[in-house]
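Asks: Okay, here's the structure, questions in a sec.
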Amino acid sequence: MVPLWWQIVLGAVLFVIGAAGVLLRRNILVVLMSLELLLNSVNINFIAFGRYYDDLRGQIFAIFVIAITAAEVAIALGILVALVRNKSTLKVDDVTLMKG
Amino acid sequence: MDQGFFLLFAAASVITALTVVLARNPVHSALALMACFLPISGIFVLLEAPFLAVIQIFVYVGAIMVLFLFVIMMIDVREAVFQRFLPGGNLPALVLLVLLGGEMLVLVLSSDRFSVTEPVATRTAGDIRQLSTTLFADYLLPFEVASVILLAALVGAIVLARKEPK
Chain G
1399 MVPLWWQIVL GAVLFVIGAA GVLLRRNILV VLMSLELLLN SVNINFIAFG
1449 RYYDDLRGQI FAIFVIAITA AEVAIALGIL VALVRNKSTL KVDDVTLMKG
Chain A
-8 MDQGFFLLFA AASVITALTV VLARNPVHSA LALMACFLPI SGIFVLLEAP
42 FLAVIQIFVY VGAIMVLFLF VIMMIDVREA VFQRFLPGGN LPALVLLVLL
92 GGEMLVLVLS SDRFSVTEPV ATRTAGDIRQ LSTTLFADYL LPFEVASVIL
142 LAALVGAIVL ARKEPK
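Order-wise, the sequence lines are chains G and A.
Just so you know, we're using our numbering here: the first sequence kicks off at 1399 and counts up by one.
Just so you know, we're using our numbering here: the second sequence kicks off at -8 and counts up by one.
Put into structure tokens, the structure is as follows:
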């Protein structure tokens, strides 16, 4: 059988890769995709812990994370379409409307 | 057997995740993200969560990736393709990432709480009937709240993407 720490290490590696995408990329689309990676690594950890400690709440919370992710992507892509229509840019650094 | 499959899926998901972050073309990133979700759903099957694996494929590969590709085709990504991407451009963020990853790896590897190989108990693992009973009995309120949030997201996305009436 697979040891638990393999799954945890996989989750950590995917989390760091996703965080790298969020922090280092300047393209809003790729930042959104990296957010998906972050949420997926969290899901792996939830399900792994839920299996090894025989607790169904891990799977339940993974379901909720997936549902919230779907809502988040719909809203974020709607904002993105409105942004591109108004400012015609995809770079995060160009969107400084809330900077004051 | 299980370990071999796990290593295969883990390697595939890590390589495609790196492709998501490093690819210059957002279309390539989206396709790599889709290729990343498939081995992750295989890992869910190995973890005796077949329902989650199916949900993963339906929601991520079926819905979210279609949304991403739709939006990529709607907007112009040609400028982003020609723009160079340097990973070393943001040094503080890079240092933060190295610290974060090193901390997580050291903490996980140095602890003996994560070394269990067999599940502590296998009473309910992989039982979809048990899962749905838990979801609809103990977690009914969060379930309904999630459906309301999805409805709000649906309406909000339509309102946001609509053209302004001039």
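Note that the Cβ used here is the ideal one computed from N, Cα and C, for glycine as well.
This one's a predicted model, so the numbers in the text were calculated from it and none came from an experiment.
What residues are listed by DSSP as bridge partners for Lys1489/G?
Replies: On the first sequence, position 91 is the one that residue 1489/G refers to. Paired residues: Asn1425/G.
Asks: Give the DSSP-derived three-state secondary structure of Ile51/A in the structure shown.
Replies: Here the question's residue 51/A lines up with position 60 in the second sequence. It is worth fixing the name first, because residue 51/A is Tyr in this sequence and not Ile. Reduced to three states, the DSSP call for Tyr51/A is helix.
Asks: Take every Cβ of the segment 1411 to 1418 of chain G, pair it with every Cβ of the segment 81 to 98 of chain A, and state whether three or more of those distances are shorter than 8 Å.
Replies: The segment 1411 to 1418 of chain G, when compared against the segment 81 to 98 of chain A, does touch it at the 8 Å Cβ threshold.
Asks: Using the three-state DSSP reduction, which class does Ser138/A fall into: helix, strand or coil?
Replies: The residue labelled residue 138/A in the question sits at position 147 within the second sequence. Of the three classes helix, strand and coil, the one that applies to Ser138/A here is helix, per DSSP.
Asks: Just the Cα atoms here: how many angstroms apart are Phe42/A and Thr125/A?
Replies: By one-based count along the second sequence, residue 42/A stands at place 51. By one-based count along the second sequence, residue 125/A stands at place 134. Taking the straight line from one Cα to the other gives about 14 Å.
Asks: Any idea if Phe35/A is buried or exposed, counting beta-carbon neighbours within 10 angstroms, 16 or more meaning buried?
Replies: Here the question's residue 35/A lines up with position 44 in the second sequence. Classification for Phe35/A: buried.
Asks: Tell me whether Arg1455/G sits in a helix, a strand or coil according to DSSP, three-state version.
Replies: Residue mapping note: residue 1455/G aligns to position 57 of the first sequence, counting from 1. In the structure shown, Arg1455/G sits in a helix (DSSP, three-state: H, G or I).
Asks: So, with DSSP's three-state summary, where would you put Met(-8)/A?
Replies: The sequence position of residue -8/A within the second sequence is 1, counting from 1. Met(-8)/A falls in the coil class under three-state DSSP.
Asks: Flag Asp1452/G as yes if its beta-carbon sits less than 8 Å from any beta-carbon of chain A, otherwise no.
Replies: The residue labelled residue 1452/G in the question sits at position 54 within the first sequence. Judged by the 8 Å Cβ criterion, Asp1452/G is in contact with chain A.
Asks: Please return the same chain residues whose Cβ sits closer than 8 Å to the Cβ of Phe127/A, not counting the five positions on each side in sequence.
Replies: Residue mapping note: residue 127/A aligns to position 136 of the second sequence, counting from 1. Result list for Phe127/A: Phe134, in chain order.
Asks: In whole angstroms, what separates the C-alpha of Glu1470/G from that of Ile31/A?
Replies: The residue labelled residue 1470/G in the question sits at position 72 within the first sequence. The residue labelled residue 31/A in the question sits at position 40 within the second sequence. In a straight line, the C-alpha of Glu1470/G is about 20 Å away from that of Ile31/A.
Asks: Is it true that the CB of Phe59/A sits closer than 8 Å to the CB of Met1431/G?
Replies: Along the first sequence, read from residue 1 onward, the residue named residue 1431/G stands at position 33. Along the second sequence, read from residue 1 onward, the residue named residue 59/A stands at position 68. Taking 8 Å as the Cβ cut-off, Met1431/G and Phe59/A qualify as a contacting pair.
Asks: At a cut of 8 Å, does the segment 3 to 19 of chain A reach the segment 50 to 57 of chain A through at least three beta carbon pairs?
Replies: Judged by Cβ distances under 8 Å, the segment 3 to 19 of chain A makes no contact with the segment 50 to 57 of chain A, as fewer than three pairs qualify.
Asks: Distance, Cα to Cα, Asp1492/G vs Gly147/A?
Replies: Within the first sequence, numbered from 1, the residue matching residue 1492/G stands at position 94. Within the second sequence, numbered from 1, the residue matching residue 147/A stands at position 156. So the two alpha carbons sit approximately 24 Å from each other.
Asks: Could you list the residues in the segment 123 to 148 of chain A with a C-beta less than 7 Å from some C-beta on chain G, going in chain order?
Replies: Here the close residues are Thr125, Leu126, Tyr130, Pro133, Ala137, Ile140, Leu141, Ala144, Leu145, Gly147 and Ala148.
Asks: Just to make sure I have the definition right: I need the residues of chain A whose C-beta is within less than 7 Å of the C-beta of Val1411/G. Which are they?
Replies: Your numbering for residue 1411/G matches position 13 in the first sequence. What Val1411/G touches in chain A: Val5.
Asks: So the candidates are Ala1468/G, Leu1433/G and Ile1442/G; which of them puts its Cα closest to the Cα of Phe0/A?
Replies: For the purposes of this step, residue 0/A is taken as the residue at position 9 of the second sequence. Minimum Cα distance to Phe0/A is reached at Ile1442/G.
Asks: With 16 other CB atoms within 10 Å as the buried threshold, where does Ile149/A fall?
Replies: As a working note, residue 149/A is residue 158 in the second sequence. Exposed, because fewer than 16 other Cβ atoms sit within 10 Å of the Cβ of Ile149/A.
Asks: With distances taken between CB atoms, is the gap from Val1400/G to Leu9/A smaller than 8 Å?
Replies: The residue labelled residue 1400/G in the question sits at position 2 within the first sequence. The residue labelled residue 9/A in the question sits at position 18 within the second sequence. Not a contact, by the Cβ cut-off of 8 Å.
Asks: So with Cβ pairs under 8 Å, would you call Met1431/G a contact of chain A?
Replies: What you label residue 1431/G is simply residue 33 of the first sequence in a count that begins at 1. Yes, Met1431/G counts as interfacial toward chain A.
Asks: List the residues of chain G whose Cβ lies closer than 9 Å to the Cβ of Ser106/A, in chain order.
Replies: By one-based count along the second sequence, residue 106/A stands at place 115. Within chain G, the residues near Ser106/A are Pro1401, Leu1402 and Trp1403.
Asks: What number of angstroms, rounded off, separates the C-alpha of Phe61/A from the C-alpha of Ser106/A?
Replies: Stepping through the second sequence from its first residue, residue 61/A is reached at position 70. Stepping through the second sequence from its first residue, residue 106/A is reached at position 115. Roughly 43 Å between the two C-alpha positions.
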